[in-house]
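Chain order of the listed sequences is A and B.
Heads up: the first sequence runs through residues -14 to 96, numbered per the working numbering.
Heads up: the second sequence runs through residues 121 to 235, numbered per the working numbering.
C-beta atoms are modelled at their ideal positions from N, C-alpha and C, and glycine is treated no differently.
The model shown is predicted, which means the values in this text are computed figures rather than measured ones.
Here the structure comes first, spelled out in structure tokens, and everything after it is commentary.
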Amino acid sequence: SQTIHQWPATLVQPVGSPLSLECTVEGTSNPNLYWYRQAAGRGLQLLFYSVGIGQISSEVPQNLSASRPQDRQFILSSKKLLLSDSGFYLCAWSVLGQPQHFGDGTRLSIL
Amino acid sequence: DAKTTQPTSMDCAEGRAANLPCNHSTISGNEYVYWYRQIHSQGPQYIIHGLKNNETNEMASLIITEDRKSSTLILPHATLRDTAVYYCIVRVGGLIIQGAQKLVFGQGTRLTINP
Chain A
-14 SQTIHQWPAT
-4 LVQPVGSPLS
6 LECTVEGTSN
16 PNLYWYRQAA
26 GRGLQLLFYS
36 VGIGQISSEV
46 PQNLSASRPQ
56 DRQFILSSKK
66 LLLSDSGFYL
76 CAWSVLGQPQ
86 HFGDGTRLSI
96 L
Chain B
121 DAKTTQPTSM
131 DCAEGRAANL
141 PCNHSTISGN
151 EYVYWYRQIH
161 SQGPQYIIHG
171 LKNNETNEMA
181 SLIITEDRKS
191 STLILPHATL
201 RDTAVYYCIV
211 RVGGLIIQGA
221 QKLVFGQGTR
231 LTINP
């Protein structure tokens, strides 16, 4: 069966520091991968999606970037975090025609 | 893009059926209705989806009206663990690129199961 792993589960970072969140999927090949963010008390917002290695599409202009160095690895990064980057970051995967499945998320607090 | 309208919150007694409505009056013919739920501090969990026929799985049933303008998610015997925010989502069919599926999450319905 397929599984998705996100880490770390929680992260506290100072303003201006870099960020790297990692997501990996097991049990499937060539998945579509997604990064979402959920600000406190708000709905999920799609940030990036990827249909293959090295292929990244950005949904909203922001202080973040994404990369997909391997088929089942999706990384969310920032060079300098802002206070507004705080939130709950979720990675998801899907294969053609099937529903998306989400990881357990990373709760990011910026101080 | 089809949008959905859901009640902000609902309550249901434990052991009873929870019926969560969703309006999607602008849904297009090739758009599916998806339901997810999010338990506090966890990632969303897929529940069920359908196009025009009613669907049932081990978690829930989905009833879609004949005109497809609304649907109801039914949790047949609600338990305390079903307390969550439930999202009704219409898949944005025009933005499917090589199978990538952009889901647009609204505010959902906060369902509270009371003992």
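query                                                                                                      : result
Cutoff 6 Å; reference TYR206 of chain B; Cβ partners in own chain excluding five residues on either side   : LEU140, ARG157, GLY228, THR229 and LEU231
Below-7 Å beta-carbon distance, SER79 of chain A vs any chain B residue                                    : yes
Per DSSP, the bridge partner or partners of ASP131 of chain B                                              : B:THR232
Nearest neighbour of LEU(-4) of chain A, chosen from A:ALA51, A:SER5, A:HIS(-10) and A:THR(-12) [CA to CA] : A:SER5
Residue-chain proximity (GLY166 of chain B, chain A), Cβ-Cβ < 7 Å                                          : According to the sequence shown, residue 166 of chain B is Tyr rather than Gly. Yes, contact with chain A.
Residue closest to ARG57 of chain A, alpha-carbon to alpha-carbon, out of A:SER2, A:LEU18 and A:ARG22      : A:LEU18
CA-to-CA distance, GLY226 of chain B to ARG188 of chain B, given in whole angstroms                        : 19 Å
C-beta neighbour in chain B for LEU32 of chain A, strict 7 Å                                               : no
Cα-Cα separation, TYR166 of chain B to ILE183 of chain B                                                   : 16 Å
Partner residues on chain A for LYS172 of chain B, Cβ-Cβ distance less than 7 Å                            : Going along chain A, no residue has its Cβ under 7 Å from LYS172 of chain B, so there is no contact; the nearest lies around 16 Å.
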